[in-house]
Each structure stands twice: as structure tokens, then as C-alpha cells.
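Residue numbers (this note's numbering): 1 to 588.
In this text, a Cβ means the ideal position worked out from N, Cα and C, and glycines have one as well.
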Amino acid sequence: MLPVFFGLEVASRAMQAQRRLMEVAQHNITNANTPGYSRQVANLGATTPFAEPSLMRPATPGQMGTGVIVDSVKRFRLDNMETAARAENQVMGEAEASQTFLTQIEAMFNEPGGQGVSSLINGYWDAWQQLSTQPDSIVHRNNLLIKAQDLAKNLNSFARKADQLLAQMDQAIGDKVTEINDAAREIATLNGRIRHAFTLGDNPNDLMDKRDRLLSDLSRKLNVSYAKQANGSSYVYVGGVFLVSDEQTNLLQSYTDATTNRIKVRWANDSTMPFDLRGGELKGLFTVRDSKLGNTTTSGTVYYQMNQLTQAIMNETNQRHVLGYDLNGTTNWPFFIGTGLSDISVTITDVRSIATSVAHIDSTQNMNNQYRTIDPFKNLNQAWTDTDLLVQPVGGNFTINGVSYAWNPATQTMNDLINTINTTAGSQVTARFDPATQRIFLTRNTNVGTLPTITVADVGLSNFVAFAFMPAASTPGGTGDNTNALTLSSLRSSTVASLGTLTMDQFYRNTTEFVGEESSRVNTTVDRQKLVIEQLQRQIESFSGVNLDEEMIRLTASQQAFSAAARMVTAVDDMINRIVGGLGRVGL
Numbered sequence: 001m002l003p004v005f006f007g008l009e010v011a012s013r014a015m016q017a018q019r020r021l022m023e024v025a026q027h028n029i030t031n032a033n034t035p036g037y038s039r040q041v042a043n044l045g046a047t048t049p050f051a052e053p054s055l056m057r058p059a060t061p062g063q064m065g066t067g068v069i070v071d072s073v074k075r076f077r078l079d080n081m082e083t084a085a086r087a088e089n090q091v092m093g094e095a096e097a098s099q100t101f102l103t104q105i106e107a108m109f110n111e112p113g114g115q116g117v118s119s120l121i122n123g124y125w126d127a128w129q130q131l132s133t134q135p136d137s138i139v140h141r142n143n144l145l146i147k148a149q150d151l152a153k154n155l156n157s158f159a160r161k162a163d164q165l166l167a168q169m170d171q172a173i174g175d176k177v178t179e180i181n182d183a184a185r186e187i188a189t190l191n192g193r194i195r196h197a198f199t200l201g202d203n204p205n206d207l208m209d210k211r212d213r214l215l216s217d218l219s220r221k222l223n224v225s226y227a228k229q230a231n232g233s234s235y236v237y238v239g240g241v242f243l244v245s246d247e248q249t250n251l252l253q254s255y256t257d258a259t260t261n262r263i264k265v266r267w268a269n270d271s272t273m274p275f276d277l278r279g280g281e282l283k284g285l286f287t288v289r290d291s292k293l294g295n296t297t298t299s300g301t302v303y304y305q306m307n308q309l310t311q312a313i314m315n316e317t318n319q320r321h322v323l324g325y326d327l328n329g330t331t332n333w334p335f336f337i338g339t340g341l342s343d344i345s346v347t348i349t350d351v352r353s354i355a356t357s358v359a360h361i362d363s364t365q366n367m368n369n370q371y372r373t374i375d376p377f378k379n380l381n382q383a384w385t386d387t388d389l390l391v392q393p394v395g396g397n398f399t400i401n402g403v404s405y406a407w408n409p410a411t412q413t414m415n416d417l418i419n420t421i422n423t424t425a426g427s428q429v430t431a432r433f434d435p436a437t438q439r440i441f442l443t444r445n446t447n448v449g450t451l452p453t454i455t456v457a458d459v460g461l462s463n464f465v466a467f468a469f470m471p472a473a474s475t476p477g478g479t480g481d482n483t484n485a486l487t488l489s490s491l492r493s494s495t496v497a498s499l500g501t502l503t504m505d506q507f508y509r510n511t512t513e514f515v516g517e518e519s520s521r522v523n524t525t526v527d528r529q530k531l532v533i534e535q536l537q538r539q540i541e542s543f544s545g546v547n548l549d550e551e552m553i554r555l556t557a558s559q560q561a562f563s564a565a566a567r568m569v570t571a572v573d574d575m576i577n578r579i580v581g582g583l584g585r586v587g588l
């Protein structure tokens with residue numbers, strides 16, 4: 001026969017089990033809004049019945065139940081969905097980091113108040129066009145100077161902002177490395193605590209939730225993979241190299257590259273080990289910094305393209321401006337100085353120094369001037385060596401090394417003559433004007449295999465004039481001459497070899513379109529990933545999240561079971577009191 005206290009023990013176990021159920025429900029309710037928290041449930045099980053089959057067991061029919069016990073407290077977690085969500089997090093992290101800085105790059109092109117790069121470049125060319133209508137106008141000249149200075153300052157500002165943005169991305173990369181290392185250390189610490197709890201037979205659900213949350217955060221920063229161990233510990237890998245192994249860490253290190261002076265990342269314990277970065281915010285930062293914004297040496301990047309455009313504006317303007325004459329009759333004035341985007345500036349301070357005219361052949365003399373043969377270059381044969389030679393051409397054709405050119409001295413300038421020579425194939429020479437000596441020089445092309453004889457002949461001249469020539473009577477076109485201003489204003493639509501035979505307008509549009517397309521692509525990726533991650537998160541929440549209605553039902557059921565167990569204790573207590581009290585009255 002079972003002792004009377006047997007019922008008290010069964011009721012006590014029931015109260016303890018139901019109280020544990022209520023505690024789990026309360027824990028779920030209080031963490032309903034905790035990020036990364038997984039719903040927990042206490043699993044009940046019957047205790048060992050009485051009695052075990054044996055020779056000495058009581059001769060009672062069947063086994064008597066001994067009550068209930070909490071076998072375990074499990075958490076609800078969908079590991080496969082978590083893995084999928086982390087993979088999408090990597091894509092999302094890379095896209096969001098790229099989006100943040102691409103938006104800032106876009107803003108560099110279009111500033112408020114019409115002071116963006118595009119409007120200032122257009123204003124600069126418009127000012128040249130306006131000046132060509134009134135070359136001697138001080139107002140138009142002053143307007144051009146202001147437009148040029150504004151453009152140069154804006155390009156300088158663009159370079160400064162680009163440098164600041166590069167520095168911000170360097171700082172962000174260093175910060176991400178610090179965050180990754182902090183998370184790795186915390187995961188390693190949690191691994192030790194979880195492993196110890198597993199050894200004692202516990203279920204450290206909250207610790208595992210925290211570790212999983214850290215893993216999800218890590219997956220947003222870089223490409224990580226994760227492997228659980230039977231003892232509750234875990235491994236975290238980056239590109240096949242472990243970042244966390246149980247309680248050990250293999251941390252990252254940010255450093256300044258000596259060649260590029262930019263921040264890079266390597267393994268702290270072994271700098272020779274390759275760091276395989278394939279996703280996450282860290283990847284996005286490197287991509288925008290090195291492949292989108294770049295610098296003056298990384299071809300195809302925004303910084304490189306804008307520097308190329310700036311150099312083209314400088315060089316093309318200067319090449320034509322130095323050939324012109326200003327209002328004072330002087331020439332050989334460069335318009336811009338500097339090396340590129342970061343230091344371009346306008347060298348002219350006096351508006352009268354803007355060269356709008358060019359030197360013309362004096363048409364009244366019909367080229368009836370002396371031609372001099374000079375030899376300023378070495379290794380060039382001359383077919384004629386007389387010092388002076390008087391010629392009497394009145395226009396027509398002339399030849400250089402057998403190539404015929406048409407010449408009208410009444411309408412064509414020296415620039416026209418030079419352009420005609422340089423754009424006609426077969427002469428094997430390049431023509432240029434030297435303002436200092438007032439000569440047109442013919443130079444042998446360097447790509448000619450054998451040394452040619454460079455000769456110049458006129459249709460009315462049986463002798464050859466060698467190498468370099470210039471009429472003695474050449475004069476500036478005058479204050480009203482707009483030839484050079486027209487030439488400079490036409491640069492906007494002229495193709496430039498250094499820009500890949502594109503015009504400056506086309507090259508600039510290509511650069512802005514590149515930024516716009518990249519920004520649009522990243523925005524699309526961010527929008528798509530938001531939908532994908534939200535869908536995955538809903539599925540995870542539907543399984544792992546806390547449902548307050550369900551928890552209240554469980555809490556109510558546990559309370560009722562607890563009350564029933566308590567009443568059972570009261571009933572057993574009454575039984576004991578009756579037995580003990582009755583026995584105490586024997587013999588009275």
C-alpha cells in the first residue's frame with residue numbers, strides 16, 4: 001500500500017511543473033518585441049511510475065503514476081530559413097552601403113542654386129560664345145572670366161568633396177572592421193558559455209538567440225558562413241578562413257596601403273593569408289570607393305573621368321588661347337594653369353588679356369613676302385638652303401613632300417593653314433606655330449620609319465623652301481576679330497582625342513549617366529532585397545515569434561492546472577490531518 005504522503009508529492013510536482021510553464025509563458029510575453037528572440041516552450045513529461053517491474057514489487061495491479069516534470073525548455077527556430085535570410089542580408093548590406101555613398105556622389109554633380117558642374121560647364125562655353133559676338137566688350141570679357149573662375153572653383157570643390165568622401169569610406173571601412181571583430185569576440189565568449197551549459201544538460205536558449213542575432217548582424221557586414229557543433233559551440237568562416245572557432249578568434253585588421261594611401265583589410269594573425277571578401281557592407285564600401293568613385297589613376301571611375309574632363313578643358317582651351325592675341329596685342333597667354341581637377345585655376349586676371357583674335361596673313365600683300373628657311377630641329381634634311389628667297393604667289397596650291405594643299409591667303413588664317421597640314425595624310429610632318437619666333441615649324445613625324453626629306457614648294461616656285469616658313473608681314477587680327485573666340489566656343493562640340501574621340505559634352509554626360517545607372521541599379525537591388533527579406537522574416541516570425549494570444553491561453557491553462565494541484569495538496573493535507581488527529585484521540 002502506498003503511503004499517504006504519496007499524493008502530496010504528486011501534487012507538489014504538479015505545482016512545480018505548472019509554475020515552470022507559467023514562467024516560460026511570462027518570459028515569452030515580456031520578450032515579444034525583443035529582436036532575435038525565439039519563442040520557448042516547456043516540454044512536460046511523466047515521472048517514473050511506481051513501481052518498476054521486479055521480484056519484490058508490490059502485488060498491485062498496474063503501475064501507479066508519480067506525477068509530472070519539465071523535461072526541457074526548447075526554442076522554436078527554423079535554421080534553414082535563418083541561413084537563407086543571412087544570405088540575403090549579405091546582398092542587402094552591400095547594396096545599402098553602396099546606395100549611401102552613390103547618393104552622395106550624385107549630389108556632387110548637382111548642387112542647389114544652379115551651381116552644379118553641368119550648369120557651370122555650360123555657362124563657361126556660353127560665355128565664350130557670347131564673347132565671340134562682341135570680342136572687344138569688357139562686359140562680356142568680365143563675364144567669361146567670372147564663369148571660368150566659378151567653373152575652376154567648382155571643379156576644385158568637386159575634388160575636395162571626392163577626397164572627403166573617400167576619407168569617409170575609409171573611416172567606415174575601419175569602423176566595420178572594429179564592429180566585426182567585436183562581434184567575433186562576443187560570439188567566441190557565447191560559445192564557451194553555451195558549451196558549458198550543454199555539458200550540464202541545460203538548454204541555454206537566450207544565449208543561443210543572442211549568438212544567432214550576432215551572426216545575422218555579421219552577415220550584413222560581410223560574407224560569413226556558419227557551422228554548429230554537437231557540443232553547442234559554433235564555427236564562423238569568411239571565405240573559408242575561420243573568424244571564430246569555439247572560443248578562439250581570428251580577427252581582421254584595417255591598415256593604410258603604402259601605394260594608394262587608402263584603407264585595406266587583412267587577417268591580423270597572418271597578413272599573407274588571402275582575405276576573400278564577396279558580400280556585405282564591407283564589400284559595398286570597397287566597391288564604391290575603388291570602382292565607382294576611384295581616383296585620378298583608376299580608369300573608368302568618377303574621379304578619373306572628371307579629372308580627364310578637367311584636363312581636356314584646360315588643354316584644349318590653352319592650346320588655342322596661346323595662339324591668339326589679346327586687346328593689348330600680346331599673345332602666348334595660357335588661360336588655365338594646374339594639373340587637373342584638384343588645382344585648376346584661371347591664370348588671367350585682366351580681362352583685356354583674353355585672346356579673342358588670331359594673326360592673319362596680310363591679304364593686301366598677296367603673300368608677296370620673304371620666306372626664310374630655318375633649321376631649328378636636328379636630323380631633318382632640307383632640300384633648299386638659301387637664306388632668303390623671294391616668292392610671288394597669289395594663292396592656289398602648295399605641296400609638302402608631294403602632298404598638295406589649297407591655299408587662299410585672302411580668307412585663311414595661319415590656324416587654318418596649320419589645321420590643313422595636320423589633318424591631311426601623307427605629308428609625314430606636323431605643323432605648329434611658334435608665337436615667340438612668329439614662325440610655322442614643320443616637324444618630322446616620329447612614326448615615320450625612314451628619315452624623309454621635308455620640302456615645301458609653291459605652284460609658282462620652281463625651287464623648294466625647306467622646313468619652316470612664315471611671312472614677314474603678319475599682324476594680329478585686331479580688337480574686333482572674333483576668330484579665336486569662335487574657335488574656343490566651338491570646343492564644346494568638338495571631339496577630343498584624350499576623351500576617346502568624344503566631345504566634352506558627351507564625355508560629361510557619359511560620366512553622369514554612369515553614376516545615375518549605378519545608383520538606379522543599387523536602388524532597385526535595395527527595394528528587391530527589402531521585399532525578399534521581409535518575406536523571409538515573416539516566415540521566421542510565424543514560427544519563432546511570440547503570439548501573445550497563444551501565450552495568454554497557455555498562461556491561463558497553467559494557472560488553472562496550478563490551482564487544481566494546490567487543491568489536491570489541500571485535500572491530501574485534510575486526509576493527513578484526519579488520520580493524525582484521529583490516531584491522537586485513541587484511548588480517550
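Buried or exposed by the 16-neighbour rule on C-beta atoms within 10 Å, applied to residue i
{"i": "K228", "result": "exposed"}
{"i": "T511", "result": "buried"}
{"i": "F5", "result": "exposed"}
{"i": "V546", "result": "buried"}
{"i": "R538", "result": "exposed"}
{"i": "I454", "result": "The pLDDT assigned to I454 is 46, lower than 50, so where the model puts this residue is not dependable; a value taken from the coordinates is nonetheless given after this. It is buried - the Cβ of I454 has at least 16 other Cβ atoms within 10 Å."}
{"i": "T356", "result": "buried"}
{"i": "L548", "result": "exposed"}
{"i": "I263", "result": "buried"}
{"i": "M15", "result": "buried"}
{"i": "I173", "result": "buried"}
{"i": "S132", "result": "buried"}
{"i": "R320", "result": "buried"}
{"i": "F543", "result": "exposed"}
{"i": "D350", "result": "exposed"}
{"i": "N332", "result": "exposed"}
{"i": "E551", "result": "buried"}
{"i": "Y255", "result": "exposed"}
{"i": "A17", "result": "buried"}
{"i": "E541", "result": "exposed"}
{"i": "M64", "result": "exposed"}
{"i": "A46", "result": "exposed"}
{"i": "G279", "result": "buried"}
{"i": "I138", "result": "exposed"}
{"i": "T297", "result": "exposed"}
Cβ distance (whole Å) where residue i is taken to contact residue j below 8 Å
{"i": "F335", "j": "I344", "result": "Not confirmed; about 11 Å, so no contact."}
{"i": "V572", "j": "G7", "result": "4 Å"}
{"i": "I354", "j": "R141", "result": "5 Å"}
{"i": "L252", "j": "W267", "result": "7 Å"}
{"i": "E96", "j": "V526", "result": "6 Å"}
{"i": "Q90", "j": "N250", "result": "At roughly 19 Å, the Cβ-Cβ gap does not stay under 8 Å, so Q90 and N250 are not in contact."}
{"i": "N318", "j": "R352", "result": "N318 to R352, Cβ: 18 Å. No contact."}
{"i": "L155", "j": "E186", "result": "Not really, about 47 Å apart at Cβ, beyond 8 Å."}
{"i": "G294", "j": "T287", "result": "Their Cβ separation, rounded to whole angstroms, is 11 Å, which puts G294 and T287 out of contact at 8 Å."}
{"i": "R13", "j": "V68", "result": "6 Å"}
{"i": "F158", "j": "M92", "result": "Their Cβ separation, rounded to whole angstroms, is 30 Å, which puts F158 and M92 out of contact at 8 Å."}
{"i": "F211", "j": "L190", "result": "The displayed chain sequence assigns Arg, not Phe, to residue 211. Yes, they are in contact, since the Cβ atoms of R211 and L190 sit about 5 Å apart, within 8 Å."}
{"i": "Q129", "j": "S489", "result": "4 Å"}
{"i": "K283", "j": "E94", "result": "5 Å"}
{"i": "S519", "j": "E106", "result": "6 Å"}
Beta bridge counterpart(s) of residue i as assigned by DSSP
{"i": "F336", "result": "V346"}
{"i": "G45", "result": "I69"}
{"i": "Y237", "result": "S225 and F242"}
{"i": "T249", "result": "V244"}
{"i": "I263", "result": "T256"}
{"i": "S357", "result": "Y325"}
{"i": "R39", "result": "DSSP output for R39 lists no bridge partner at all."}
{"i": "K74", "result": "V41"}
{"i": "M64", "result": "F50"}
{"i": "T331", "result": "Y325"}
Chain B contact for residue i (CB, 7 Å cutoff)
{"i": "P49", "result": "No chain B appears in the structure shown, which is made up of a single protein chain."}
Touching by the beta-carbon criterion (3+ pairs, under 8 Å), the stretch 74–81 and the stretch 198–214
Contact between the stretch 74–81 and the stretch 198–214 is present: three or more C-beta pairs spanning the two stretches fall below 8 Å.
Unbroken alpha helix (DSSP H) runs of length 4 or more, entirely within the stretch 495–564: which are they?
DSSP runs (the alpha helix (DSSP H)) wholly in the stretch 495–564: 504–544.
Does the structure place the stretch 234–244 close enough to the stretch 159–174 that three or more beta carbon pairs sit under 8 Å?
Between the stretch 159–174 and the stretch 234–244 there are fewer than three C-beta pairs closer than 8 Å, too few to call the two in contact.
Could you tell me whether the stretch 121–140 touches the stretch 178–198, where touching means 3 or more Cβ pairs closer than 8 Å?
Cβ pair count under 8 Å is below three, so no.
Completely contained beta strand (DSSP E) runs for the stretch 180–219, where each covers 3 or more residues:
The stretch 180–219 contains no whole beta strand (DSSP E) run of 3 or more residues.
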